[in-house]
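So the protein sequences, as listed, match chains L and G.
Residue numbers are given in the numbering used here: position 170 of the first sequence equals residue 170, and the series is strictly consecutive.
Residue numbers are given in the numbering used here: position 87 of the second sequence equals residue 87, and the series is strictly consecutive.
Using N, Cα and C, we set each Cβ at its ideal position, and we do this for glycine too.
Predicted model, so just to flag it, every value in this text is computed and none were measured.
There are 2 protein chains.
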Amino acid sequence: MRVALLGCGTVGSAVARRLQDRGERYADLLGRPLELVGVAVRDSSAPREGVDPALLTTDAESLVGRADVVVEVMGGIEPARSLIEQALRGGAQVVTANKQLVAQQGEELHAVADQHEVGLDYEAAVMAAVPVLAVLRDSLAGDEVTSVRGVVNGSTNYVLDLVAREGVPFAEAVRQAGELGYLEADPTEDLEGLDAAAKAVILARTAFGVRVGLGEVDRIGITGLTDDDFAHAAQRGSVIKLVASARPAGDGVSVSVRPEVLPAHDPLAAVQGGTNIVVIEAVSAGELRLQGAGAGGDETASAVLGDIVRAARRVR
Amino acid sequence: MRVALLGCGTVGSAVARRLQDRGERYADLLGRPLELVGVAVRDSSAPREGVDPALLTTDAESLVGRADVVVEVMGGIEPARSLIEQALRGGAQVVTANKQLVAQQGEELHAVADQHEVGLDYEAAVMAAVPVLAVLRDSLAGDEVTSVRGVVNGSTNYVLDLVAREGVPFAEAVRQAGELGYLEADPTEDLEGLDAAAKAVILARTAFGVRVGLGEVDRIGITGLTDDDFAHAAQRGSVIKLVASARPAGDGVSVSVRPEVLPAHDPLAAVQGGTNIVVIEAVSAGELRLQGAGAGGDETASAVLGDIVRAARRVR
Chain L
1 MRVALLGCGT VGSAVARRLQ DRGERYADLL GRPLELVGVA VRDSSAPREG VDPALLTTDA
61 ESLVGRADVV VEVMGGIEPA RSLIEQALRG GAQVVTANKQ LVAQQGEELH AVADQHEVGL
121 DYEAAVMAAV PVLAVLRDSL AGDEVTSVRG VVNGSTNYVL DLVAREGVPF AEAVRQAGEL
181 GYLEADPTED LEGLDAAAKA VILARTAFGV RVGLGEVDRI GITGLTDDDF AHAAQRGSVI
241 KLVASARPAG DGVSVSVRPE VLPAHDPLAA VQGGTNIVVI EAVSAGELRL QGAGAGGDET
301 ASAVLGDIVR AARRVR
Chain G
1 MRVALLGCGT VGSAVARRLQ DRGERYADLL GRPLELVGVA VRDSSAPREG VDPALLTTDA
61 ESLVGRADVV VEVMGGIEPA RSLIEQALRG GAQVVTANKQ LVAQQGEELH AVADQHEVGL
121 DYEAAVMAAV PVLAVLRDSL AGDEVTSVRG VVNGSTNYVL DLVAREGVPF AEAVRQAGEL
181 GYLEADPTED LEGLDAAAKA VILARTAFGV RVGLGEVDRI GITGLTDDDF AHAAQRGSVI
241 KLVASARPAG DGVSVSVRPE VLPAHDPLAA VQGGTNIVVI EAVSAGELRL QGAGAGGDET
301 ASAVLGDIVR AARRVR
C-alpha cells in the first residue's frame with residue numbers, strides 16, 4: 001500500500017514519522033504494510049527531522065501518480081486542489097487536512113471522488129483529533145441531527161480566555177497570542193472568524209447533507225469586542241466565546257460564527273485555552289459533547305493517520 | 001435490504017418505529033430501502049405501540065434465516081447468543097446492544113463473524129449513543145490509545161450524585177433510585193459494578209485489541225460505601241464516582257471498576273445524574289472527552305440505528 005505525502009510542515013512531518021514508527025502496528029491492522037513512497041516539498045534540500053531525505057521530492061505530480069493513498073497536508077488552495085483532483089481521477093484514495101480547500105471546493109472534489117469511486121476524507125480539517133466528522137457522518141447516520149454548536153477555533157479561544165480569566169486587556173491578549181505563535185500568519189483568519197467559518201461549513205455539510213458555501217455563513221469575528229463587553233459579561237457571571245453553529249433552516253441550513261455571551265452552565269463556556277468542544281443535538285441521541293485539542297501537529301496527525309487507515313481499508 | 005429485529009422492549013420498539021419514520025432518509029442514504037421484515041417477540045399477541053402487529057413473530061429462528069441484517073435487542077445470554085451465531089453463520093450482518101453477551105462471548109462471536117466475512121457491531125452496548133467504540137476502533141486507528149477512563153453506569157452515578165449534591169443519605173439514595181426505576185431489575189448489576197465491568201471489558205478490547213474477560217476485571221461496587229466516605233470526600237472538595245478504566249499492562253491490559261475519590265477538576269467529577277463520560281488518552285491525539293446520555297430507549301436506539309446503517313453498507 002503506497003502512501004504519498006504532499007507537504008512536510010508540522011503536520012506532515014508528524015505523519016511521516018508516525019508512519020515509520022508505527023509501521024508494524026499498521027501492517028497488523030491492515031494485513032499489509034503502509035509504505036511511504038515519497039514526500040513532496042517545495043525545497044528538497046532542506047532537511048526534515050525524522051524523515052528519510054531520499055523520500056523528498058519536488059515533483060508532486062509524479063509522486064501522486066504512483067500512490068494508492070495521497071495525503072495532502074501542504075495547505076493553501078493551489079497546487080493542493082489540482083494535486084487532489086489528479087489523485088482522485090487516477091483512482092487514489094485522498095486524505096487532506098486542508099479546511100479552507102474543503103470548505104471552498106469540497107463539493108466539487110466529492111463529485112470527482114464519487115465519479116471515480118474513491119474516498120475523500122478530511123477529519124483533521126475540523127478540530128484536529130476530535131473525531132466530529134466521523135461521528136456526524138457514521139455514528140449518527142441513523143439519527144437526525146438538529147444542531148451542531150461549538151468552540152472550534154483555539155486561537156481566539158485562547159485570547160478570550162486570557163481576557164476572561166486573567167483580566168488581560170483585550171488588545172494586549174491579542175498581541176500576546178500573536179507573539180506566542182497562537183495566531184495564523186494572517187491573524188484575520190482567526191480573529192475575523194474565517195477559520196471557524198470554514199469549519200462550520202464542513203460541519204454543516206456533514207451533519208445535514210446539504211450544499212452550503214462560505215459565503216452563506218453569517219460571520220462576525222472578535223475584533224469588534226471591547227473591554228467593556230468583557231466587563232459586562234463578567235458582571236453577569238457569563239463569558240464571551242466565539243461560537244460556530246449550524247442548524248437546519250427550511251430546505252437548507254443556517255450557519256453562523258459569532259461571539260456569544262454564554263452563561264457559566266453552557267457546556268461551551270468552560271472550555272479553556274486551545275481546547276475545542278462541539279455539542280451535537282440529535283433527535284434520538286439527545287446531546288452529545290466531544291472535546292479535545294483543536295490544533296497541534298501531533299493532534300492533527302492523529303486524525304490524518306486515522307483517515308489513512310480508513311482509506312487504506314478501501315484499497316483493493 | 002431486509003432487517004430482522006429480535007426483541008421489542010424499550011430499545012426494540014424505538015428502533016422499529018424509527019425504521020418506519022425514517023424510511024425515506026435511510027433509502028436516500030443507502031440507495032435502497034431498509035425493510036423491517038419481522039420482529040421476534042416472546043408473546044406476539046401483546047400489542048407494541050407503533051409496531052405493525054403483522055410483523056410480530058415468535059419464530060425467531062425462521063426470521064433470522066430471511067434477513068440481511070439481524071438486530072438483537074432482546075438482552076440476556078440465551079437465546080440471543082444462538083440466534084446471533086445462526087445469523088453470522090448464515091451470512092447476515094449482526095447488530096446488538098447486548099453488553100453482557102458481548103462482554104462474555106464477544107471474542108467467540110467475532111471469530112464466527114470473521115470466518116463468515118460478516119460484521120458484528122455493538123456501539124449501543126457501551127454508553128448508548130455516545131460513539132466511543134467507533135472512535136476507539138476507527139477514528140483512533142492510526143493512533144496509540146494509552147488509557148480509557150469513564151463514568152459508564154448512569155444508575156450508580158445518579159445515586160452518587162444524589163448523595164453528593166442533595167445530601168441524601170446513601171441508603172436512602174439507593175432506595176429512591178430503585179423506586180424511580182433507575183436500577184436494573186437485579187440492582188446488583190449496577191451497584192456491584194457488573195454493568196460497568198461489562199462495558200469496561202468491551203472498551204478495553206476495542207481500545208487495545210487484546211483478549212480480556214469479565215473475570216480479569218478488578219471490580220469493586222458502590223455497596224460498601226458509607227455516609228462517612230461521602231462526608232470525607234466533600235470536606236476535601238472532592239466527589240466519589242464509580243470509575244471504569246482500562247490501560248495497557250505488560251502484554252495485556254489492566255481493567256478496573258471501582259469507586260474513586262476525584263478532585264473537582266477531574267473531567268469525571270462534574271458528570272451529573274444519568275450522564276456518562278469517557279476520557280480517552282492517546283499518544284498523538286492527547287486527551288479526548290466524549291459525553292452524553294448513558295441509557296434510555298431512544299438514545300440506545302440511536303446507536304443501534306447507526307450500526308444498522310453501517311451494517312447495511314456492507315451488504316452487497
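Using the three-state DSSP reduction, which class does residue i fall into: helix, strand or coil?
| i | result |
| --- | --- |
| L/Leu55 | helix |
| L/Glu299 | helix |
| L/Thr226 | coil |
| G/Ile280 | strand |
| G/Val148 | strand |
| G/Ser45 | coil |
| G/Gly287 | A small fix is needed here, since residue 287 of chain G is Glu in this sequence, not Gly. It is a strand residue. |
| L/Asp190 | helix |
| L/Thr309 | According to the sequence as given, residue 309 of chain L is Val; it is not Thr. Helix, per DSSP. |
| L/Gly178 | helix |
| G/Glu184 | coil |
| L/Asp266 | coil |
| G/Arg316 | coil |
| G/Leu140 | coil |
| L/Gly7 | coil |
| L/Gly12 | helix |
| L/Leu19 | helix |
| L/Gln272 | coil |
| L/Asp218 | strand |
| L/Val95 | strand |
| L/Val304 | helix |
| G/Ala200 | helix |
| G/Ala129 | coil |
Just to confirm, are residue i and residue j a CB contact at a threshold of 8 Å?
| i | j | result |
| --- | --- | --- |
| G/Val126 | G/Val152 | yes |
| G/Val41 | G/Val3 | no |
| L/Glu162 | L/Gln176 | The sequence given here places Leu at residue 162 of chain L; Glu does not occur at that position. Result yes, Cβ atoms of L/Leu162 and L/Gln176 sit closer than 8 Å. |
| L/Ala134 | G/Ser62 | no |
| L/Val253 | L/Val212 | yes |
| G/Ala16 | G/Gly50 | yes |
| L/Leu83 | L/Ala60 | yes |
| L/Asp307 | L/Ala14 | no |
Among the options, which one has its Cα closest to the Cα of residue i?
| i | options | result |
| --- | --- | --- |
| G/Gly237 | G/Pro263, G/Leu214 and G/Gly213 | G/Pro263 |
| L/Ala234 | L/Pro47, L/Arg165 and L/Arg205 | L/Arg165 |
| L/Gly150 | L/Val271, L/Ser302, L/Asp307 and L/Glu24 | L/Val271 |
| G/Val217 | G/Ala244, G/Asp186, G/Gly50 and G/Gly286 | G/Ala244 |
| G/Arg310 | G/Gly294, G/Leu34 and G/Glu144 | G/Leu34 |
| G/Arg314 | G/Val118, G/Ser44 and G/Thr206 | G/Val118 |
| L/Asp195 | L/Arg219, L/Ala303 and L/Leu88 | L/Arg219 |
| L/Met1 | L/Pro47, L/Ala46, L/Val71 and L/Ser44 | L/Val71 |
| L/Gln86 | L/Val102, L/Ala113, L/Gly106 and L/Arg137 | L/Ala113 |
| G/Asp228 | G/Leu214, G/Pro47 and G/Val261 | G/Val261 |
| G/Lys199 | G/Val73, G/Gln93, G/Asp68 and G/Ala97 | G/Ala97 |
| G/Gly391 | G/Gly12, G/Ile240 and G/Gly154 | The shown model of chain G, from 1 to 316, leaves out residue 391 of chain G, and the question about it has no answer. |
For the beta strand (DSSP E) that contains residue i, what are its first and last residues?
| i | result |
| --- | --- |
| L/Gly23 | Premise fails: L/Gly23 lies in the alpha helix (DSSP H), Gly23 to Leu30, not in any beta strand (DSSP E). |
| G/Ala249 | Ser238 to Ala249 |
| G/Gln104 | Premise fails: G/Gln104 lies in the alpha helix (DSSP H), Lys99 to Gln115, not in any beta strand (DSSP E). |
| G/Ala60 | That residue, G/Ala60, is in no beta strand (DSSP E); its alpha helix (DSSP H) goes Ala60 to Val64. |
| L/Ala40 | Glu35 to Ala40 |
| L/Glu72 | Val69 to Glu72 |
Could you tell me the boundaries of the alpha helix (DSSP H) in which residue i lies?
| i | result |
| --- | --- |
| L/Glu85 | Ala80 to Arg89 |
| G/Ser256 | Per DSSP, G/Ser256 belongs to no alpha helix (DSSP H); it is in the beta strand (DSSP E), Gly252 to Pro263. |
| L/Ser155 | Gly154 to Glu166 |
| G/Val212 | Element bounds for G/Val212: n/a, residue is neither H nor E. |
Please list the partners that residue i has in chain C, where partner means a Cβ-to-Cβ separation under 9 Å.
| i | result |
| --- | --- |
| G/Val135 | Absent here is chain C; the protein component of the structure consists of chains L and G. |
Quick one: does the C-beta of residue i sit closer than 7 Å to a heavy atom of the ligand PLP?
| i | result |
| --- | --- |
| L/Gly273 | Absence of the ligand PLP from the depicted structure is noted, as is the absence of any ligand whatsoever, leaving it without description. |
Short-range partners of chain G found in the stretch 193-214 of chain L, where Cβ spacing is below 7 Å: none
Taking any Cβ of chain G, which residues in the stretch 303-314 of chain L have a Cβ under 8 Å from it, in chain order? Ala303, Val304, Leu305, Gly306, Asp307, Ile308, Val309 and Arg310
Identify each residue in the stretch 15-37 of chain G for which the Cβ-Cβ distance to at least one residue of chain L is less than 8 Å, and report them in chain order. Residues of the stretch 15-37 of chain G with a C-beta less than 8 Å from any C-beta of chain L: Arg18, Arg22, Arg25, Tyr26 and Leu29, listed in chain order.
Could you list the residues in the stretch 155-183 of chain G with a C-beta less than 9 Å from some C-beta on chain L, going in chain order? none
Residues in the stretch 107-132 of chain L having any Cβ partner in chain G nearer than 9 Å: Only Glu123, Ala128, Ala129, Val130 and Pro131 from the stretch 107-132 of chain L bring a Cβ to less than 9 Å from some Cβ of chain G.
Please list the residues of the stretch 240-268 of chain L that have a C-beta atom closer than 7 Å to any C-beta atom in chain G, keeping them in chain order. none
Mind listing which residues of the stretch 278-291 of chain G have their C-beta closer than 7 Å to chain L's C-betas, in chain order? Ala282, Ser284, Ala285, Gly286, Glu287, Leu288, Arg289, Leu290 and Gln291
Interfacial residues, the stretch 137-149 of chain G to chain L, with Cβ spacing under 9 Å: Asp138, Ser139, Leu140, Ala141, Gly142, Asp143 and Glu144
If you measure beta-carbon to beta-carbon, which residues of the stretch 47-79 of chain G are closer than 8 Å to chain L? none
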